[in-house]
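> Per this note's numbering, numbering through the sequence shown is continuous, rising by one, with the last residue being 604. Every residue gets a Cβ at the ideal spot worked out from N, C-alpha and C, and that includes glycine. Computed from a predicted structure; not experimentally measured. Just passing along the structure, written as structure tokens.
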Amino acid sequence: APHAGLPKSPSRSLFPRMCKRGAAMLGSTGLRLAALSGLGLLLACSAAAPAADVRDGSYAIGAPSAAAREGDTGPGRWMFQYDHNLLALSRGALTKRSGGTGVQHELAGSGGQISLAQSHSQQNHLEHVLAAVKKLAQGVANGTEQLSGTTREALAGIVEEMEAIIEATEEGHRTDQGLVDDARDAFEMQCDSSDDGEVNISATKANTSEHKHMQCRVLEAEFSRNASEKCATYWDEVAAPSPPECMLTLSGANNESEAELLDSCLAHISAWVGPYRARVVKTKADCKSATDEHQRMVQECVGHQRDFEQRFCDYRREVISACSRYDKCFSRLEKERQTLHEKVQVSEASRKAQYVAAKHIQCFVMVINGSTGTR
């Protein structure tokens, strides 16, 4: 098909100048654009300037090698060799550029910094290819462009490469999503679980000490009630001795009758005083013993209370320390996650643009290769 803007049959003298311009185009925008919109010019250039060297990345098109020249019968042979070099370049250009599309691939070098040059280069190349395919589709649909076998073969290579790019964008999406999920799970794995051990140990010690203290206070209360009861019994005994009534009027005897009354009173006193004294001695001893037991339990409980207070303060310090470590861990991971999200968003935007461009290119190729009704 004739190149837009050029005469259908350019004079031979124009070929060298146009070839130089075409070489510059190939070096900056990639070979598919030339393959689709300038095949006629390129084939003519191959005959007019066989020594020209057109490079894209690590690929080159130039004069055929000595082996390629063997059996050469004229410019047509050079055109054939040049055309197939072009097809090889067309099929390899985007694949060479594609590489990894995810943040993980981009973070592999440059100290973790995303390299946008490769992504931008590929996006620019896709835009050029999209423009060329769109133009060709319009020409084919309008009937102004005819598809040669070489163009169809180049289109087939482009379709394959678009599928590879779409697959790469999907793989990049899965990779980035995995990184985002890992950043989310890192909070629980690195922060929530890292400090539970020491805190739980301190909490267990504090709880154990608190339980001992509570049990001791229960016993102390029982001992206190027992001492109160024992001492109350003692004080009841000494407060109300209940001696025989004759003791209230006991006096000397001046006759036989008074002597008998005195003797009878002494007998009652003797019967009362022994048991009463025994009860007083016993209740007093019980009061003292219960009081001593209560005081001993008080001191024991005071020790348990001090231990409980110390354990609780230790637990409190562990909690504060754990919370501080958690805050630092959370802040660090939050910063890392934010940085990752920003990088993923950049990668996502580039990936979406490449995906849309590749889908558009596939759509235009379907138009080009389709029937008249489909077009």
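1. Is the segment 425-433 in contact with the segment 530-548, if contact means three or more CB pairs nearer than 8 Å?
2. Going along the chain, which residues of its own chain have a beta-carbon closer than 7 Å to the beta-carbon of residue 501, five neighbours each way excluded?
3. If we count the other Cβ atoms within 10 Å of its Cβ and call it buried at 16 or more, is residue 564 buried or exposed?
4. Can you tell which of 558, 407, 461 and 452 has the C-alpha that lies nearest to the C-alpha of residue 521?
5. Who are the Cβ neighbours of residue 458 in its own chain at under 8 Å, not counting the five residues just before and after it?
6. From 373, 419 and 427, pick the residue whose C-alpha is nearest to that of residue 559; which is it?
7. Under the assumption that residue 356 contacts residue 365 (Cβ atoms under 8 Å), give the Cβ distance between them as a whole number of angstroms.
8. To the nearest angstrom, report how far apart residue 450 and residue 539 are at their CA atoms.
9. If you reduce the DSSP assignment to three classes, tell me which class residue 472 lands in.
10. Once DSSP output is grouped into helix, strand and coil, what is the label at residue 374?
11. Helix, strand or coil for residue 598, going by three-state DSSP, please let me know.
12. Measuring CB to CB, does residue 494 end up less than 8 Å from residue 475?
13. Leaving out five residues before and five after residue 359 in sequence, what residues of the same chain have Cβ atoms less than 7 Å from its Cβ?
14. May I ask you to report which of helix, strand or coil DSSP gives residue 479?
15. Buried or exposed, going by whether 16 or more other CB atoms sit within 10 Å of the CB of residue 556?
If we stick to the structure as given:
1. yes
2. Here residue 501 is taken as the residue at index 272 of the sequence shown, counted from 1. Correct list, in chain order: 472 and 473.
3. Mapped onto the sequence shown, residue 564 falls at position 335. So residue 564 counts as exposed.
4. Residue numbering aside, residue 521 sits at position 292 when the sequence shown is read from its first letter. Looking at the Cα atoms, 452 is the closest of the given residues.
5. Counting from 1 along the sequence shown, the entry for residue 458 is found at position 229. 519.
6. Taking the sequence shown and counting its residues from 1, one reaches residue 559 at position 330. The residue with the shortest Cα to Cα distance from residue 559 is 419.
7. The residue labelled residue 356 in the question sits at position 127 within the sequence shown. The residue labelled residue 365 in the question sits at position 136 within the sequence shown. No, residue 356 and residue 365 are not in contact; Cβ-Cβ is about 15 Å, not under 8 Å.
8. The residue you call residue 450 lines up with position 221 of the sequence shown. The residue you call residue 539 lines up with position 310 of the sequence shown. Those two C-alpha atoms are separated by around 23 Å.
9. Taking the sequence shown and counting its residues from 1, the one referred to as residue 472 is at position 243. Residue 472 falls in the coil class under three-state DSSP.
10. Translated into the one-based positions of the sequence shown, residue 374 becomes position 145. Residue 374 falls in the coil class under three-state DSSP.
11. The residue you call residue 598 lines up with position 369 of the sequence shown. Reduced to three states, the DSSP call for residue 598 is helix.
12. The residue given as residue 494 occupies position 265 in the sequence shown. The residue given as residue 475 occupies position 246 in the sequence shown. Yes, these two residues count as a Cβ contact at 8 Å.
13. The residue you call residue 359 lines up with position 130 of the sequence shown. Within the same chain, residue 359 has close Cβ partners 586, 589 and 590.
14. Position 250 of the sequence shown, counting from 1, holds the residue named residue 479. Residue state, collapsed to three classes: coil.
15. Position 327 of the sequence shown holds residue 556. By the 10 Å Cβ count, residue 556 comes out exposed.
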